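Chemist: Mind looking over this structure? Questions follow.
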Amino acid sequence: MTAACAARDVVAGLLAVEGLVAGTVPFSAVDGPGNRFVVFLQGCGFDCLVCHNPATIPAHPRGVVRTPVGAVVDLVARDAQFLTGVTVTGGEPTVQPEFLVALLEALAVDPRTAHLSRFVDSNGDTDADLWDRLAPVLDGVMLDLKGLDTERHIVLTGTDNYRVLGSLTRLVALRRLYEVRLLLVPGINDADDALTRTAHWLLSLDPRIRVRVNGFRHHGTRAVARDLRAVTDADRERYRAVLTAAGVEDLTIT
Amino acid sequence: METTVRGTEPLVVTGAPVVTGRPGGMAGRVRRQPTDGYRAEVLGCVTDPALTYRQRVQRLAALAEGMLEPPPVSAACRAAQAAGVVHDMGEGPAPYRPRYVLPDYALALAGGAAHLELEPARDLDEALALLLAAYASVPSITGYPVYLGDLDTLLEPFVDDSVTDADLDRRLTLFWRLVDRTMPDAFVHADLGPDDGRVVRSLLRVDRRLRQVVPNLTLRVDPARTPDALLREAVLTTCADGKPHYVNDPMMRADLGPDYGVVSCYNSLPRGGGAYTLARLDLSASVRRAVPGPLAGRGGAERVERWLTEVLPGDLALTAELMASRIRFLVEEARFFEHDRLVLDGLVRRDRFTAMFGFYGVAEAVAALMTPGAGAGVSPCLGGDAFSRHGTRGTQRRYGVDDDATALGHRIVAALADLVAATPMPYCEATGGHALLHAQSGIDTDLGVTAGARIPPGSEPPLYEHIRAVAPNHVHVPAGISDVMRFEPTVAANPDAAVAVIRGAFAAGMRDVTFDVEGNGFVRITGYLVRDADVAGVAAGARHSSTFLGAAALENQHLRDRVTKCAPLSAGPPPGASGR
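If you read the protein sequences in the order shown, they are chains A and B. When you line the first sequence up against the numbering used here, it's residues 27 to 280, in that order. When you line the second sequence up against the numbering used here, it's residues -14 to 565, in that order.
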């Protein structure tokens, strides 16, 4: 077998990997830099009170069919001339690691899509070694941090945050962290001292770390989240003041 | 666009024709005797509290010109006009100035202009003063200059290190205010790009701070020369006030050479010249008129072939006849090029002028041609309200939505391009002896017919499908074509997203990309803008004459129905999106 044949077989193998794809959006200005094709993978290990996409949490919901990597690559390729890149989100993309790796590798080798940047939007709840595997075909990760405090993290997500912190640390070391996203829920995880400690820890990883605060809103959430208060402009002002005082320079608050 | 008079009251010329003077030549033309109705119209104009002094003067001029008979044309041409197939754009029966004039301001800045008493400019202040003075002498169909020049290219040489960015912003702010206050008409248009520079950056900053509808703006984009940073700056302005249009500079240069300008709505023409006239062919009316005649009893492919080969060439020739008669009057009888001071100073030259052949109603023509079961006589789907706002209904094939209908639209536009290029037009040596094709974007009074080759508002497909559906038309239309993409204002937080779309659209073959950003207080009408607040108060009058036209067009052409290209606000797959 020649090297070219072997390479072709590798690519064919990538394209045949199947995953549960909850949906795709060909045009998004809110999922990373530029205009992005967004792939939503089904399933998430967290069960966040404040989830905006609860339908994507179950691992095997009815109606979501298995989709081969090749079909997703073809969809991206058709729109490639309009795109800055591809963002894989969810659900939580790392709960389907083989599909995620195959998809990013296939996008990287296909000449129709190789020029597009490849981003992952993740909750970080995965074995950090996955990021090592992805690093050669990954440009950036937008990583959610729901709290530095483990107990608060369990209240919000049902799970501890050890793997999240491990992912953050590894991604900074790999230079693949695009931004960390703090989802702040008034009264739950937005106290001044918690924000300051979070900022200091993040800055200890990378003094120029890019931080985006997503203030909690009710849009898309389940009934259980309706008793929680949505952020106000006053909250956002306070977040900005506290995080800036703690030393965060690259800060976006929405 | 765009007549010179209040759009809500189409100019009606009343009165009985009276023959005067000798036969032949200008003096042989007939004039009308003023009737009571005409006098009432004049009185109504001078006493209309909603019109400014300037608007009254312009309307009175149109009323006076309207007393004349138009240059003679054949009976067939008159019949085509009466049937609404051929339309003279309300230019008036006696053209005494070219419709669009694009002076070469660089000549005046460098060498002055003797007949306008302009000295060469030595610094930025002198350059800005010279331009404002020159604008006052530029004739136009609208009464105001439709071309202010490629301003960044003109002004950049006058901006050195002694001018700080703050100075530059302050001076250009004053200039921009003067342009809007002295030329209150949204067809006044300035060009920018394709290169980055301090002036283009400053003008984009100033424009989004002032949020004026004047001047309309075009950014010429050369994918190889225009940096993302400049496009990003332009997108921020687009989010704030809808401007600029983005045009494909290499495509324009290939068609018109390096010296071109984009004026008025999105009309591209030779600089140092312009367009004598713009007449337009209503393609849907052409089909409708032919149904009881040459198309009687024809259905399916035969109907399409017969219209394309037998009807369209004839109607196109009648449109060309109207244009030629008007050009001859302007050149030979009004003798514009023998006396105008811009001509005497060499800022425009007759051999740089051309004519614009406009077309519109592609969507409705396609629907009418593809109506199934239209056998003998008038199809029930071809009359009255069957030409619904979406151009189609029921089982009809929809241009921009159904692939076969879209392909027929492309075929029609390509056929028009071939026919126009093969039709001689007098005094058009600047463009090979023929007119230039233009996708005419409608006027305020159009009902049930969609602008140019646009997809009817409300039935536009999603972003990329929209671009792919219309892009194949663009190469055929050198004098300008525009399709409007309505965006959400959230793109302001990530302008790179729009930059990628603009670059992709040009790669897909678009000549012009025009945005309409939801919720920013501005609406793109044809190619010009109105402010929502001005439209709301239009019954009491408007400082910009274009607002009257825009207010009527908003209603008649259902422009508020444009579909927003929706990006999900919070991440989430669309329902049923899986398994695509």
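Backbone N, C-alpha and C fix where the C-beta goes; we use that ideal spot for every residue, glycine too. This structure is a prediction, so every number in the text was calculated from the model and none was measured.
At a CB-CB cut-off below 7 angstroms, which residues of chain B make contact with Ala55(A)?
Modeler: Residues of chain B passing the Cβ test: Thr475, Val476, Asn479, Ala482 and Ala552.
Chemist: Please report how far the alpha carbon of Ala271(A) lies from the alpha carbon of Asn79(A), in whole angstroms.
Modeler: C-alpha separation (whole angstroms): 33 angstroms.
Chemist: At a Cβ cut of 9 angstroms, what residues of the stretch 41 to 53 of chain A count as close to chain B, listed as they run along the chain?
Modeler: Within the stretch 41 to 53 of chain A, the residues whose Cβ lies closer than 9 angstroms to some Cβ of chain B are Leu46, Val47, Ala48, Gly49, Thr50, Val51, Pro52 and Phe53, listed in chain order.
Chemist: Roughly how many angstroms separate the alpha carbons of Arg34(A) and Gly116(A), rounded to a whole number?
Modeler: Answer to the nearest angstrom: the Cα atoms are 30 angstroms apart.
Chemist: Tell me whether the beta-carbon of Arg569(B) lies closer than 8 angstroms to the beta-carbon of Thr549(B).
Modeler: Missing from the structure shown is residue 569(B); chain B here goes from -14 to 565 and no further.
Chemist: Helix, strand or coil: which one does DSSP assign to Ser59(B)?
Modeler: Three-state result, Ser59(B): coil.
Chemist: For Leu241(B), collect the residues of the same chain with a Cβ closer than 7 angstroms to its Cβ; drop the 5 residues on either side in sequence, then sort them by chain order.
Modeler: Excluding positions up to five away in sequence, the list reads Ser253, Pro255 and Pro463.
Chemist: Between which two residues does the alpha helix (DSSP H) holding Gly489(B) run?
Modeler: Taken as a continuous stretch (DSSP letters only), the alpha helix (DSSP H) holding Gly489(B) covers Pro480 to Ala492.
Chemist: Within the chosen definition, does the stretch 49 to 59 of chain B reach the stretch 292 to 302 of chain B through at least 3 CB pairs nearer than 8 angstroms?
Modeler: Short answer: they don't touch.
Chemist: Please identify the residue among Gly77(B), Arg311(B) and Gly128(B) whose C-alpha is closest to the C-alpha of Gly51(B).
Modeler: When each option's Cα is compared against that of Gly51(B), the closest is Gly77(B).
Chemist: Strictly by DSSP, which residues pair up with Ala260(B)?
Modeler: DSSP lists Tyr85(B) and Thr339(B) as partners of Ala260(B).
Chemist: Pull up the distance between the alpha-carbon of Asp170(B) and that of Asp517(B), whole angstroms please.
Modeler: Answer to the nearest angstrom: the Cα atoms are 15 angstroms apart.
Chemist: So does the stretch 70 to 90 of chain A actually touch the stretch 176 to 192 of chain A, counting three or more Cβ pairs closer than 8 angstroms?
Modeler: Yes, they touch.
Chemist: One question on the structure: do Thr339(B) and Ala415(B) come within less than 8 angstroms of each other, judged by their Cβ atoms?
Modeler: Going by C-beta atoms, Thr339(B) is nearer than 8 angstroms to Ala415(B).
Chemist: Are Val486(B) and Phe108(A) closer than 8 angstroms when you measure CB to CB?
Modeler: Closer than 8 angstroms, so yes.
Chemist: Residues of chain A with a CB under 9 angstroms from the CB of Gly489(B): which are they?
Modeler: Near Gly489(B) (Cβ distances below 9 angstroms), the residues of chain A are Asn61, Asp105, Ala106, Gln107, Phe108 and Leu109.
Chemist: Nearest-angstrom Cα distance between Ala536(B) and Tyr23(B)?
Modeler: For Ala536(B) and Tyr23(B), the distance between alpha carbons rounds to 26 angstroms.
Chemist: Do Thr225(B) and Arg186(B) have their C-beta atoms closer together than 8 angstroms?
Modeler: For clarity, residue 225(B) is Ala in the given sequence; the question names Thr instead. For Ala225(B) and Arg186(B), no; Cβs fall outside 8 angstroms.
Chemist: Leaving out five residues on either side along the sequence, give the residues of the same chain with a beta carbon under 7 angstroms from the beta carbon of Asp105(A).
Modeler: Cβ neighbours of Asp105(A) beyond the five flanking positions: Pro52 and Phe63.
Chemist: Run through DSSP, which three-state label would His226(A) get?
Modeler: Of the three classes helix, strand and coil, the one that applies to His226(A) here is helix, per DSSP.
Chemist: Taking Val272(B) as part of the beta strand (DSSP E), name the residues at either end of that continuous run.
Modeler: Segment Leu268 to Ala275 is the alpha helix (DSSP H) holding Val272(B); no beta strand (DSSP E) there.
Chemist: Pull up the distance between the alpha-carbon of Asp180(B) and that of Tyr449(B), whole angstroms please.
Modeler: In a straight line, the C-alpha of Asp180(B) is about 27 angstroms away from that of Tyr449(B).
Chemist: At least one CB of chain A closer than 8 angstroms to the CB of Ala225(B): is that the case?
Modeler: By this cut-off, Ala225(B) is not an interface position.
Chemist: Using a Cβ-Cβ cut-off of less than 8 angstroms, give me the residues of the stretch 270 to 296 of chain B that come near chain A, in sequence order.
Modeler: Hits within the stretch: zero.
Chemist: In terms of residue numbering, what span does the beta strand (DSSP E) encompassing Ser143(A) cover?
Modeler: Looking at the DSSP string, the run of the beta strand (DSSP E) that includes Ser143(A) is Ser143 to Ser148.
Chemist: As a quick exercise: from Ser269(B), Pro277(B), Arg337(B) and Asp330(B), pick the residue whose alpha carbon is nearest that of Gly417(B).
Modeler: Closest by alpha carbon: Arg337(B).
Chemist: Pick out whichever of Ile214(A), Glu205(A) and Ala103(A) has its Cα sitting closest to the Cα of Arg138(A).
Modeler: Nearest C-alpha to Arg138(A): Ala103(A).
Chemist: If we ignore side chains and look at the alpha-carbon of each, how far apart do Leu101(A) and Val112(A) end up?
Modeler: Straight-line Cα distance between these residues: approximately 11 angstroms.
Chemist: Which residues does DSSP list as the beta-bridge partners of Arg283(B)?
Modeler: Arg283(B) is not bridged to any residue.
Chemist: Taking Cβ positions only, does Ala485(B) come closer than 8 angstroms to chain A?
Modeler: So yes, Ala485(B) belongs to the interface.
Chemist: Which residues of chain A have a Cβ atom closer than 9 angstroms to the Cβ of Leu202(B), listed in chain order?
Modeler: Simply none; closest approach about 22 angstroms.
Chemist: Would you call the stretch 480 to 496 of chain B and the stretch 264 to 273 of chain B in contact, with 3 or more CB pairs under 8 angstroms?
Modeler: Contact fails: fewer than three Cβ-Cβ distances are below 8 angstroms.
Chemist: Where does Arg234(A) land, buried or exposed, given buried means 16+ other C-beta within 10 angstroms?
Modeler: Looking at its Cβ environment, which holds fewer than 16 other Cβ atoms inside 10 Å, Arg234(A) is exposed.
Chemist: Which residues bound the beta strand (DSSP E) around Asp176(B)?
Modeler: That run of the beta strand (DSSP E) goes His174 to Leu177.
Chemist: In its own chain, which residues sit with a C-beta less than 6 angstroms from the C-beta of Ala97(A), not counting the 5 before and 5 after it?
Modeler: Within the same chain, Ala97(A) has no close Cβ partners at all.
Chemist: How would you label Gln43(B), buried or exposed, when you count the other beta carbons within 10 angstroms and need 16 or more for buried?
Modeler: With 16 or more other Cβ atoms within 10 Å, it is buried.
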